[in-house]
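Residue numbers (our numbering), protein chains in the order written: chain Z, 2 to 371; chain W, 12 to 403.
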């Protein structure tokens, strides 16, 4: 049996996600026609046969609960173990407001962590779009003998500021916290595999010293005490979705079929909740170019570079360019939409004209009827 | 009790290695999704599926019935294969009535008042609970769902002639001179106690074909049991032949025939979540059904693509039904055809063809897992079982 436990942080909210995160936590943001961001982390764990996963939530998690239910889709509805939703249950009296960092979140569920029956724990953020080969990362962790392995990428995403300097054996020699440019080292995906004992020690240390952050506080302390830490390089696509720009660009990235095939690797399928949708119907007037379209849609307009989620309709003569229409969207006949993200259950009636710009896409909030 | 054991011999190459109810249909579905979804939507929670011919894929597909919401605590979907016992009677199912006869023990486990007998090869949406309330209200021993068909077509069906009181007075199999337009759909509700009597009697009759339509219903009628014809208004197709399978698929392009987008009567299927399909920058897709995980770079019109189908740039698919995983390479043309699962039509090959005013055409069919070689031609109406190379 897999000796790895999964912990997914699903408490993050990011002001830069604007209206997209109003009704939900970032981890439950709909992505690429039918998925939620958390599906990527859960599927990576499920594809390695991980049987126990804790999802740390704090607020606005009703949409996430609705999506995860019992975890059946990820083989986490088990007689023993399975999926555990972890709202705060052990907060110190000093705690105020949102978790300031992952260490505070871990402290809040300290009782759960001590009960983990596996020797190793994988910690990841629920807002990461990547298809991580957990088997390879785990093998690398065990083989290296390190107490902590950071999954890293050779890419340099703009917003990431966690970096590691390594020696020839992928052993971490130093840790960097910088937000600007490429200052050397490899970029952390904020996915870690840690020995449970080492993790608990770090949680207790940070809790005692009121330290909040995993990278800046816990790992710095760990390295300072000559802890052994390694990196594992994730060779494929990766992107954290923490802003509207990330979301829009990340979505548009999927039109690059090489990236799309990497994320939706058939050997490690991305699993999600299954719905009763018919196939999509294209009408006589449909003109569709470079689009990703989910099941259950009825398309009769002109679409270019669009992602259309389950159950949406696009009326005759509607023209959509660079748009993302989330679940159950209804675009009326003759509407003209450019650089727009329509959240779930949006109705854009006949003839609506709306446009954002590629750098600043327009967001139509969930349930809005125009 | 869902009869899903027939060979589907009139589908030829398509049913060599799989049972007819497992046949992909309308893009996302398999034929058996329709009766199973109807059961779930009608509030029936215990379904026995009688399998016999090539059951492995079908068994895997049905699983525990979870996909249709039938995996409840007390109910569920149960695969009922033929089995052996100390009783020499247990062996292969020799007819529809014999299949139920051999599984009387299963029905008795649940001790029901009524039993619904369904076919696994019909495409339709029907609320069986309404049919049951009519059965109860009419105090019938058997209620048969029937469709009003044009009298000219009635010669192809089992026709029920109601008496003055509305109950069936006469049942005629494929009558030359039909007296009524009420055609049996092969969907029956029986009062279980009665059915049991007739199944046992039918089994003892050495001359019987052990068939509901040919033997059991006429026997009940002859004995004066009350049989009520339940008229069904709506779309219903038997998809037992290549032509009817192709026709019914084409019907799905017209949302008015059978609305698959109706949230009040969802047809569910047991599918793994797949990524959305991709329509390429040079593709043309019109009046077509496309399913998840397809990659379309060519031209697709008047056609139905199941999941994970690839249509390469410069390929053309018209008036065709393409089953999961099929690949149509660049420059290939597929017209008026059915392509089986995972079949590959290589570059420059042609499969099927016709109209342009022609009337003497048939649907070309390629079985599953075969390769139509580069430049090969498959004629209109052909039935291809094995991979085809170019003839030199």
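Using N, Cα and C, we set each Cβ at its ideal position, and we do this for glycine too.
Apart from the five residues just before and just after residue i, which ones in its own chain have a Cβ nearer than 7 Å to its Cβ?
| i | result |
| --- | --- |
| residue 243(W) | 137, 156, 157, 158 and 196 |
| residue 17(Z) | 243, 244 and 245 |
| residue 260(W) | 36, 37, 315 and 332 |
| residue 201(Z) | 114 and 115 |
| residue 249(W) | 132, 133 and 255 |
Just reading off the alpha helix (DSSP H) that residue i is part of, what are its end residues?
| i | result |
| --- | --- |
| residue 251(Z) | 245-254 |
| residue 208(W) | 203-215 |
| residue 114(Z) | 111-115 |
| residue 135(W) | Run containing residue 135(W): none in the alpha helix (DSSP H); it sits in the beta strand (DSSP E), 133-135. |
| residue 329(W) | Run containing residue 329(W): none in the alpha helix (DSSP H); it sits in the beta strand (DSSP E), 327-333. |
| residue 117(W) | 115-121 |
| residue 254(W) | 253-262 |
| residue 209(Z) | 197-209 |
On a Cα-Cα basis, can you pick out the residue from the options that is closest to residue i?
| i | options | result |
| --- | --- | --- |
| residue 129(Z) | 141(Z), 194(Z), 205(Z) and 42(Z) | 42(Z) |
| residue 325(Z) | 32(Z), 9(Z), 24(Z) and 25(Z) | 32(Z) |
| residue 358(W) | 230(W), 204(W), 327(W) and 120(W) | 327(W) |
| residue 174(W) | 167(W), 168(W) and 182(W) | 182(W) |
| residue 34(Z) | 371(Z), 358(Z) and 248(Z) | 248(Z) |
| residue 286(W) | 135(Z), 252(Z) and 20(Z) | 252(Z) |
| residue 92(W) | 46(W), 124(W) and 105(W) | 105(W) |
| residue 178(W) | 200(W), 198(W) and 153(W) | 153(W) |
| residue 278(W) | 134(W), 117(W), 171(W) and 371(W) | 134(W) |
| residue 280(Z) | 265(W), 350(W), 45(W) and 317(W) | 317(W) |
| residue 337(Z) | 269(Z), 319(Z) and 347(Z) | 319(Z) |
| residue 44(W) | 167(W), 54(W) and 33(W) | 33(W) |
| residue 168(Z) | 210(Z), 79(Z), 185(Z) and 236(Z) | 185(Z) |
| residue 395(W) | 139(W), 377(W), 384(W) and 198(W) | 377(W) |
| residue 67(Z) | 371(Z), 342(Z), 283(Z) and 273(Z) | 273(Z) |
Buried or exposed: where does residue i fall if 16 or more other Cβ atoms within 10 Å of its Cβ makes it buried?
| i | result |
| --- | --- |
| residue 328(Z) | buried |
| residue 354(Z) | exposed |
| residue 49(W) | buried |
| residue 47(Z) | buried |
| residue 239(W) | buried |
| residue 275(W) | exposed |
| residue 283(W) | exposed |
| residue 204(W) | exposed |
| residue 223(Z) | buried |
| residue 308(Z) | buried |
| residue 40(W) | buried |
| residue 63(Z) | exposed |
| residue 65(Z) | buried |
| residue 14(W) | buried |
| residue 47(W) | buried |
For residue i, which residues from the same chain have a beta carbon less than 6 Å from its beta carbon, with the 5 sequence-adjacent residues on both sides left out?
| i | result |
| --- | --- |
| residue 51(Z) | 3, 5 and 7 |
| residue 191(Z) | 126 |
| residue 56(Z) | 9, 11 and 86 |
| residue 388(W) | 361 |
| residue 403(W) | Model confidence at residue 403(W) stands at a pLDDT of 42, short of 50, so the residue's coordinates are unreliable; what they give is reported in the following sentence. Once the five neighbours on either side are set aside, residue 403(W) has no close Cβ partner at all. |
| residue 254(Z) | 260 |
| residue 382(Z) | Residue 382(Z) lies beyond the residue range present for chain Z, which begins at 2 and ends at 371; the question has no answer from this structure. |
| residue 297(W) | 312 |
| residue 373(Z) | No answer is possible for residue 373(Z): it lies beyond the span of chain Z, which begins at 2 and ends at 371. |
From what residue to what residue does the beta strand (DSSP E) around residue i run?
| i | result |
| --- | --- |
| residue 249(W) | 247-249 |
| residue 133(Z) | Looking at the DSSP string, residue 133(Z) is not in any beta strand (DSSP E), and its letter there is neither H nor E. |
| residue 58(Z) | Run containing residue 58(Z): none; DSSP gives neither H nor E here. |
| residue 75(Z) | Segment: none, residue 75(Z) is in no beta strand (DSSP E) and carries neither H nor E. |
| residue 58(W) | 57-61 |
Please determine whether the Cβ atom of residue i lies at a distance below 6 Å from any heavy atom of the ligand HEM.
| i | result |
| --- | --- |
| residue 258(Z) | The ligand content of the structure shown is nil, which means the ligand HEM is not present either. |
So, at 8 Å on beta carbons, what are the nonlocal neighbours of residue i in its own chain, with the 5 sequence-adjacent residues on each side left out?
| i | result |
| --- | --- |
| residue 229(W) | 182 |
| residue 165(W) | 186, 189, 191, 192 and 194 |
| residue 110(Z) | 55, 57, 87, 89, 90 and 91 |
| residue 221(Z) | 176 |
Are the segment 318-327 of chain W and the segment 299-309 of chain W touching, with three or more C-beta to C-beta distances below 8 Å? yes
Under 8 Å: do the segment 303-315 of chain Z and the segment 285-292 of chain Z share three or more Cβ pairs, one atom per stretch? yes
State whether the segment 340-348 of chain W contacts the segment 20-39 of chain W, with contact taken as three or more CB pairs (one from each stretch) at a distance under 8 Å. no
Sufficient close CB pairs (3 or more, under 8 Å) joining the segment 247-255 of chain W to the segment 286-295 of chain W: Output reads no: the segment 286-295 of chain W does not touch the segment 247-255 of chain W.
Evaluate contact between the segment 380-394 of chain W and the segment 361-370 of chain W, counting only Cβ atoms and requiring at least three cross-stretch pairs below 8 Å. The segment 380-394 of chain W and the segment 361-370 of chain W touch, with no fewer than 3 CB-CB distances between them shorter than 8 Å.
Report yes or no: do three or more beta-carbon pairs, one from the segment 63-71 of chain W and one from the segment 13-21 of chain W, lie closer than 8 Å? Yes: the two stretches touch, three or more of their Cβ pairs being nearer than 8 Å.
Pairing CB atoms from the segment 356-363 of chain Z with CB atoms from the segment 67-86 of chain W, are three or more of them under 8 Å? Touching, no, given that fewer than three Cβ pairs across the two stretches are closer than 8 Å.
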